[in-house]
Structures are given as C-alpha cells and as structure tokens.
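Residue numbering for the sequence shown is 1 to 197, as defined by UniProt numbering.
We treat Cβ as the ideally placed atom computed from N, Cα and C, and that holds for glycine.
Here is the structure we will look at, set down as structure tokens.
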Amino acid sequence: MGTLYLYRCVTMYITTLPVPGMHMSCAPKLYGDSQAKLQRVLQLIYGAGLSITGSHIMCGDFLYSGHTVMLTLTYLFIKEYSPRSFWWYHLLCWLLAAVGAVCILVAHEHYSVDVVVAYFITSRLFYWYHTMVNVQALKCSPNNYLTHTWWNPIFNFLERNVQSQVPCSFCWPLTWPPSCLKNPCKNYSMVQSVREE
C-alpha cells in the first residue's frame, strides 16, 4: 500500500488536472507565506483530509484515485486469502468494489482515467508481488525481468526467509462457544491451557 501511495504522490506532482466537478472549491495558492502554509497543513491533518470536515480545500490530487486503490486492494486481498469455496463472498466484494468505483465517478470526485489507472496499477503491483513471493525460481533467475524494479532489493530483504509458497490458510479469529463458556468451573490458566494441548 505504501508503494501505491508513493506512486500516487509522483503522479499527483507531475500531472495537474482541472477540477472534475463544479461542487469543489479550491483554496488559493500561498506564495512565500510559510505560516499560512503550516496552518493549512495543520487544518488538513486535524480534519483528517475529509471534505465533510471542510479540511480538504486543496485540489490537484486526481491522478490516480486513492479510494479506488483501497477498494481494489481490499478485494484482491479478500479473494487471495479467503477460501475458494467462499465464491459468494468474492462476488459480493467484487460487486461492492465495482459499485464504489462507479460512485466515485458519479459523484464527480475523479475522472474516469483516475479510476482506470488506479485499478491497473494496483492490480499489476499486487500480482507482481504475489508472483515473486510464490514462484521461488523467479527470485534467483538472472533472466527475470520482474527483478528490475526499484523495490526489488527491499522485497528480497523482507522476503529472504520465505523458502516455499505462501500458504493460503484461513481460520476464524474467534471460537464459538468461547473457551471460558465451555467449562465455567475451570479458572483460566496459561500453564493449564498449554498442558491440555
């Protein structure tokens, strides 16, 4: 996610698009007034950058859509790490992500190119990373063009101990009924819990 937002910062800096909707009001540029710039930054942080709080008064952060990045990435993680038998859940999440992207466009918060580029960059980076993690032969192959990215040394450092395919395991975070309700006469003890297993 950090890499995607770093790419987004680069595209925002080098690409300036006009405001996509008449409902957006942009604050004027501040030339040389450091105190006013600092005040604007603090206002943005205090309001969490949300337009509903009135703190999002800057324009130009269009190419590409950060909301579409989050919708796409969430769907891809759910699809990748949940059981294949949850096809109905995958379909529901895909529908929600697609409806979310359409709502971004209908609300005139972004241009269609913002949404398409966000989907493309997010999905390619996700598949690129997972291909590198799951195919061990690619990590040491001299003919692998996937290793020519700037983040490959960081990837190799973080994933150096992964010697096999990343397991796709799924378990519920909570057990039902909770262990404290199974036998109310027993007091919980970490030592007792370990010995019982």
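* Measuring CA to CA, which of His110, Arg84, Val135 and Arg40 is closest to Val162? -> Walking along the sequence shown from the start, residue 162 turns up at place 162. Closest by alpha carbon: Val135.
* Determine the extent of the alpha helix (DSSP H) in which Leu71 is found, giving its start and end residues. => What you label residue 71 is simply residue 71 of the sequence shown in a count that begins at 1. Note, Leu71: alpha helix (DSSP H), Gly66 to Tyr81.
* Validate contact between the region 98-112 and the region 60-71 using beta carbons, cut 8 Å, 3 pairs -> yes
* Exposure of Ile121, with buried meaning 16 or more beta-carbon neighbours within 10 Å -> By one-based count along the sequence shown, residue 121 stands at place 121. Buried is the call here.
* To do: Closer than 7 Å by C-beta to Leu71: which residues in its own chain qualify, once you throw out the five before and the five after it? Chain order, please.
  => Your numbering for residue 71 matches position 71 in the sequence shown. Ala97, Gly100 and Ala101.
* Whose CA, out of Ile104, Trp128 and Gly66, lies closest to the CA of residue 200? -> Since the first residue of the chain shown is 1 and the last is 197, residue 200 is not available in this structure.
* To do: Given a cut-off of 9 Å, decide if Thr68 and Asp114 are closer than it, judged by their beta-carbon atoms.
  => Counted from its first residue, the sequence shown places residue 114 at position 114. Counted from its first residue, the sequence shown places residue 68 at position 68. For Asp114 and Thr68, yes; Cβs fall inside 9 Å.
* Secondary structure of Pro153, DSSP reduced to three states -> Locating residue 153 in the sequence shown gives position 153, counting from the first residue. Pro153 falls in the helix class under three-state DSSP.
* To do: List the endpoints of the continuous alpha helix (DSSP H) containing Lys139.
  => Position 139 of the sequence shown, counted from the first residue, corresponds to residue 139. Run containing Lys139: Gln136 to Cys140, per the alpha helix (DSSP H) assignment.
* I think Leu138 touches Thr131, with their Cβ atoms under 8 Å apart; what is that distance to the nearest whole Å? -> Within the sequence shown, the letter at position 138 stands for residue 138. Within the sequence shown, the letter at position 131 stands for residue 131. Yes, they are in contact, since the Cβ atoms of Leu138 and Thr131 sit about 7 Å apart, within 8 Å.
* **Inter-residue CB distance, Leu30 and Lys37 (contact presumed, cutoff 8 Å)** => Your numbering for residue 30 matches position 30 in the sequence shown. Your numbering for residue 37 matches position 37 in the sequence shown. Right, their Cβ atoms sit about 5 Å apart.
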